[in-house]
Amino acid sequence: MNTDSPLAATPAEDRPRVLLVDDDEVNLMLTSAALRERGFEVAEVSSGAEALGRLDDVAPDMVVLDALMPDMDGFATCQALRARPGYGLLPVLMLTGLDDDASIDRAYRAGATDFFVKSTQWSLLAGRLRYMLRASRTRIELERSKFKLARAQDLARMGSFDWKRASATEGRLGSLWLSPEALRVLGRGAGDRIELRALLRMVGPAHRRGLIRMLTEVVAHNAVLATDVAVTLFDGRPRIIHVEAEAEFEHGHGVGYTGVFQDVTDRRVAEDRIRHLANFDALTGLPNRRQLIWRTERALEQARRLNHNAALLLIDLDRFKNVNDTLGHAAGDELLMEVARRLRSCVRHSEQVMEGALEAAGARSHRTLEAVGRLGGDEFVALLPEVGDETDAQRVAQRILDALREPILVAGQECFCTASVGIAMFPRDGLNLVDLMRNSDVAMYAAKSAGRNAATAYSPHLGGRGRDKIELESHLHKAIERNELVLYYQPKIDVRSAKMVGAEALMRWNRNGVLVPPGDFIPLAEETGLIVPLSEWAVKEAARQARIWQQNFGFADSIAVNLPSRLFERSDLVENIHQSVSAYGVPHKAILLEITENNLMKDLHNVSLSLHRLNEIGVEISIDDFGTGYSSLAYLTTLPISELKIDRSFVRDLGITPQSSAVVSAIIALARSLGLRVIAEGVENLRQMEVLHRLGCGVMQGFLFSKPLPPDDLEAWLRQTVLPRKAPWIGAVTDAEGVAPRIVGRT
Amino acid sequence: MQSAAVPPPNAPDADSEAAAWATVLDQDALNRLRELDPDGKSGLLRRVLATYVQSLGRLLDQLAVARAASDLQGLRHVAHTLKSSSASVGALQLSALCADIERRVREGTGEGLDSRLDAMALEGRRILDALHPTSPAA
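Line by line, the protein sequences are chains A and B.
Using the numbering used here, you'd call the opening residue of the first sequence number 49 and step up by one each time.
Using the numbering used here, you'd call the opening residue of the second sequence number 34 and step up by one each time.
Encoded structure:
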């Protein structure tokens, strides 16, 4: 149901209140009746004085004034009304005669909003009044929002401006209008006028030309203007003003700009600080990793475009850790700061490079990228954005080495802190940041390996000795003293007697709680020579373990220790082993040395002497991985060897390929005829065990019996599995052949 | 202004009254006035005409005084006021005379003013007689 009736009275708020002033009663009565009829609320007064008297009381939305009245006429009344505070915007309609142009003019001058020719066309009058009211409301809202805007702009230290293009009437620089708020931003009063010329003079001479060039460019294209300008206010205060403006068009032609100023000094100061914190190392003030990456990428872009060389120098302090460890971190920081200061002097170090500045600096701008930065820790990078060739980079590297040659005073002590420098050249050693960083790293480590305090340029053959390896190496160095190395033991089993007849010691590295498998560090240890102390330790540790087991369960067999061939070359090997076993009071034969067939053959001549001497003192030798190398069978007859160890690859295929069992039976036959013991490794299942046993090999090791175990676990295994005869392999062969278990003596 | 007598509440019959008005007032103007008070509830037309008659009588008196004293300002005020109120009630001839007089006074064109003032007084009196036969001035 529609409850709205067309006859419903106009709601009070929509009944505009009119103060009607006319000295003629007839007109007053008629006009008033006509307006009421059309939805107005009317207060009638018959003179100007009465109107002014009732103004506050009636609080009209508008005033309708007869122009010609005795005593105080409409013009005087209007003027008096306008003079009252709060009535500046009240709509006033002046009623004039039809033929009275002079009155119309006077009406406007007296402050009337509009005029209307008296007539009996009431609806015209009502329409005019409604229109005037709407316009007035819009105007009041506009004034209110202008006021709000002004206040908001003041709070935001912002102001508006308009600029009209240069023309015959506007002068060469055009004309500039600034809102009172904009003037306040610039430290001026509301009434002041500032011409564009004066405004430009507020910009320092260093930036003025660039700014004018930019403005000219923007205006030429009617482009959007958005820039920050550093200015000095008239009172000398430096401020940063953000200017943002858009072109204004008339008939498709740009006629000027309209926009805002904002004082963004505080924000910029904060932003600059954040930017600095994000891009510079807090300790040394040098560009940090992030900033270095940014600079390097820019420099490489430029080098690519302009087709020149660039260089990246990785600088790592030698033995910086010693300073930290012995003098403390504060001293370490002090040292880094001094090093940073010296490094900075070795290049054309530019402190601040910002995105915008780079473009502005023109073609040689990449030069400003040159810098020394700190990657972190004791690592620095020198970026040379343009070099002739490698010798330029070498020269800078030398300068760096020279700069660090002088002792540095930290914590009251003179420290010598040399550096190793790795040089990578763009494009020769890499086309991108990642490659250049990696290769400068490789070169730097080459310099370190070669004795430190030197610079090395990257070359491909340096590759491979990367950071990881060096790190591993340096940790491996300390592994022994930190007790990070452990021996695991895998038992050797005589399957007929179901007894343990020895064990092989296998090295493990417990690095920060993680067991590093031998494959990951033994090759490195061999490469670096660390294998020697490692092996010496292993012999000593095995002797110690043999002693413990002797005491714990009467262990009287041998523990096999793997030795690389280079250890056999050492003249003190025999003496070392002698001392190791003596130290724990175990017989020499408690240690069995395993050497791989390959190692043995490689160094046969050097090794054989040692083997003889070891044999003399009672240490037995086993040939590991037998069958995989190219053995000269002749040596087997001349070397003092006690045991052949059948390689796991043959064991694996036993029962699968006939060839493998053929090889295994040949090795067993060979051993038997030479009077050597034979042992199979890598035995993983009962089938392999049975075949080996059938072929005549009774001693084995492998996962079927046990994986390599820590010594305590091995004892537990013996106690819980072997002695109670609980394992599946126990009895398997004896039952098959009906042979009673017996203790097997050594062959 | 309010001191003069008001029209009698027990008016003569409407038809003869309307016929009397029609002799001096424009019918269109009267219709427009009736539209302002369509159902005649507030008796607007009667009140307006009573007010007009009162003011007309007073202004005609003022006119005579101003003429005697050659008071141009006074003449102009009377002409101006009567011009618009007469137009409002439909006394078009009187309104036109007033407009003419007002213009001549304003522009200082004294010629022919006397004959027009005579005509104005005559027309004013005619209207008074037609609208208010019992008026004391009649």
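Cβ coordinates follow ideal geometry from the N, Cα and C atoms, glycine included.
Cβ of residue i less than 8 Å from any chain B Cβ?
i, result
"A/Met-120", "no"
"A/Lys-196", "no"
"A/Ala-131", "no"
"A/Pro-81", "The displayed chain sequence assigns Ala, not Pro, to residue 81 of chain A. Output row for A/Ala-81: interface = yes."
"A/Ser-53", "Note on A/Ser-53: pLDDT 39, under 50, position unreliable in the model; no value is reported."
"A/Thr-168", "yes"
List the residues that DSSP assigns as beta-bridge partners of residue i.
i, result
"A/Pro-758", "In DSSP, A/Pro-758 forms no bridge with anything."
"A/Cys-463", "A/Ile-456"
"A/Phe-164", "A/Leu-143"
"A/Thr-282", "The sequence given here has Phe at residue 282 of chain A, not Thr. DSSP output for A/Phe-282 lists no bridge partner at all."
"A/Ser-606", "A/Gly-550"
"A/Ala-359", "A/Leu-432 and A/Met-473"
"A/Tyr-305", "A/Trp-211 and A/Ala-295"
"A/Arg-65", "A/Glu-89"
"A/Asp-276", "A/His-290"
Along the chain, where does the alpha helix (DSSP H) containing residue i start, and where does it finish?
i, result
"A/Trp-777", "Here A/Trp-777 belongs to no alpha helix (DSSP H), and DSSP marks it neither H nor E."
"A/Glu-532", "Run containing A/Glu-532: none; DSSP gives neither H nor E here."
"A/Met-262", "253–268"
"A/Lys-369", "368–375"
"A/Met-77", "73–85"
"A/Lys-650", "645–650"
"A/Ala-124", "122–131"
Among the options, which one has its Cα closest to the Cα of residue i?
i, options, result
"A/Leu-138", "A/Ile-152, A/Asp-153, A/Gly-159 and A/Pro-118", "A/Gly-159"
"A/Tyr-536", "A/Asp-761, A/Val-90 and A/Arg-102", "A/Asp-761"
"A/Arg-157", "A/Trp-170, A/Gly-122 and A/Ile-188", "A/Gly-122"
"A/Val-277", "A/Val-312, A/Gly-779, A/Leu-354 and A/Glu-454", "A/Val-312"
"A/Leu-432", "A/Trp-765, A/Val-395, A/Gly-460 and A/Arg-422", "A/Val-395"
"A/Glu-532", "A/Phe-474, A/Asp-320, A/Asp-70 and A/Asn-560", "A/Asn-560"
"A/Met-250", "A/Arg-287, A/Thr-644, A/Ala-459 and A/Ser-583", "A/Arg-287"
"B/Leu-164", "B/Asp-72, B/Asp-59, B/Ser-148 and B/Val-86", "B/Val-86"
"A/Gly-633", "A/Ala-459, A/Ala-591 and A/Leu-423", "A/Ala-591"
"A/Val-667", "A/Val-629, A/Met-385 and A/Gly-779", "A/Val-629"
"A/Arg-486", "A/Gly-499, A/Pro-508 and A/Ala-467", "A/Pro-508"
"A/Val-429", "A/Arg-742, A/Arg-696 and A/Asp-489", "A/Asp-489"
"A/Asp-62", "A/Glu-229, A/Leu-68 and A/Arg-86", "A/Arg-86"
Alpha carbon to alpha carbon, how far is residue i from residue j?
i, j, result
"A/Ser-80", "B/Asp-61", "20 Å"
"A/Arg-191", "A/Phe-282", "Checking the displayed sequence, the identity of residue 191 of chain A turns out to be Glu instead of Arg. Distance between the alpha carbons of A/Glu-191 and A/Phe-282: 31 Å."
"A/Lys-540", "A/Arg-530", "30 Å"
"A/Pro-133", "B/Gly-157", "45 Å"
"A/Trp-597", "A/Gln-768", "16 Å"
"A/Pro-335", "A/Ala-347", "15 Å"
"A/Ala-682", "A/Lys-650", "15 Å"
"A/Leu-740", "A/Leu-771", "23 Å"
"A/Arg-773", "A/Leu-640", "27 Å"
"A/Leu-718", "A/Met-737", "20 Å"
"A/Glu-92", "A/Lys-194", "35 Å"
"A/Val-711", "A/Ile-669", "22 Å"
"A/Ala-358", "A/Trp-342", "15 Å"
"A/His-656", "A/Thr-644", "Position check: residue 656 of chain A holds Ser in this sequence, whereas His was assumed. Rounded to the nearest angstrom, the two C-alpha atoms are 13 Å apart."
"A/Lys-212", "B/Asn-64", "58 Å"
"B/Met-34", "A/Met-110", "Any reading at B/Met-34 needs caution, since the residue's pLDDT is 43, under 50, leaving its predicted position unreliable; the model's value is listed next. In a straight line, the C-alpha of B/Met-34 is about 27 Å away from that of A/Met-110."
"B/Ala-55", "A/Ser-94", "29 Å"
"A/Glu-732", "A/Ala-594", "26 Å"
"A/Leu-722", "A/Thr-685", "7 Å"
"A/Ser-690", "A/Asn-647", "17 Å"
"A/Ile-289", "A/Val-303", "24 Å"
"A/Gly-567", "A/Met-555", "10 Å"
"A/Lys-693", "A/Leu-662", "19 Å"
Tell me the residue span of the beta strand (DSSP E) that contains residue i.
i, result
"A/Pro-286", "286–298"
"A/Val-420", "419–424"
"A/Leu-479", "Looking at the DSSP string, A/Leu-479 is not in any beta strand (DSSP E), and its letter there is neither H nor E."
"B/Glu-144", "No beta strand (DSSP E) holds B/Glu-144; DSSP gives it neither H nor E."
Counting only beta-carbon separations shorter than 8 Å, does residue i have a partner in chain A?
i, result
"B/Thr-56", "no"
"B/His-165", "no"
"B/Leu-125", "no"
"B/His-110", "yes"
"B/Asp-70", "yes"
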